[in-house]
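Numbering (this note's numbering), first residue to last: 1107 to 1277.
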């Protein structure tokens, strides 16, 4: 089961990010990694910035893209580490060992843009978010959210139910 959201505005992206961040932060021993997939300009970095802003009380304007540093570290207001990774520039999955990504998987909440670059090493219990441009002429997006933990997805659907978001369940 997965959840599909229609994102018509940046405000919709903020709402989804807040709902995801709240569950992600409270997840404890469950999924600690969010994999953000989508083409260039789909909104992966924008979504990640909103999650980071929500979890770390950082102004969104102060959150750089880790395109060149590859990994940015933050501290959540709950005291956990959060690692934001942009792996677009990796040419081989084994390059993650030099970045210490395996340590991040063990100790931190991880937001990963371009996770396909390290597919063989991704944690099994993760949240996969795919962002794509919708078929309409405007700038709206379609976001599909999937997780191995169906309880987490049910909690997310419940959170979405308290908003004005348009979402549906996918099989």
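By construction, the Cβ of each residue, glycine as well, lies at the ideal position given by its N, Cα and C atoms.
query: What is the DSSP secondary structure of residue 1130, reduced to helix, strand or coil?
result: Residue 1130 sits in a helix when the DSSP states are folded into three classes.
task: Return the CA-CA distance between residue 1256 and residue 1232, expressed in angstroms with no decimal places.
output: Straight-line Cα distance between these residues: approximately 11 Å.
message: Less than 8 Å between the beta carbons of residue 1199 and residue 1225, yes or no?
response: For residue 1199 and residue 1225, yes; Cβs fall inside 8 Å.
- request: Pull up the distance between the alpha-carbon of residue 1189 and that of residue 1266, whole angstroms please.
  value: So the two alpha carbons sit approximately 25 Å from each other.
Span separating the alpha-carbon of residue 1193 from that of residue 1178: If you take the alpha carbons of residue 1193 and residue 1178, they lie about 12 Å apart.
task: Compute the Euclidean distance between the alpha carbons of residue 1171 and residue 1277, then round it to the nearest angstrom.
output: Roughly 33 Å between the two C-alpha positions.
query: Which word fits residue 1151, buried or exposed, when buried means at least 16 other C-beta atoms lie within 10 angstroms of its C-beta?
result: Buried.
query: Given that a residue counts as buried once 16 or more other Cβ atoms are within 10 Å of its Cβ, and exposed if not, what is residue 1120?
result: Result: buried.
- prompt: Thinking C-alpha only, which one of 1142, 1107, 1161, 1138 is nearest residue 1125?
  reply: Nearest C-alpha to residue 1125: 1161.
message: Which residue wins for smallest C-alpha separation from residue 1206, given the options 1195, 1197, 1191?
response: The shortest C-alpha separation from residue 1206 is found at 1191.
query: At what residue ranges does the stretch 1183-1218 contain a whole run of the beta strand (DSSP E), taking only runs of 3 or more?
result: Runs of the beta strand (DSSP E) spanning 3 or more residues and lying entirely within the stretch 1183-1218 occur at 1187-1192, in chain order.
message: Tell me the rounded alpha-carbon separation between residue 1130 and residue 1259.
response: If you draw a straight line from the Cα of residue 1130 to the Cα of residue 1259, it is about 11 Å long.
Extent of the continuous beta strand (DSSP E) run through residue 1239: Element bounds for residue 1239: 1233-1239.
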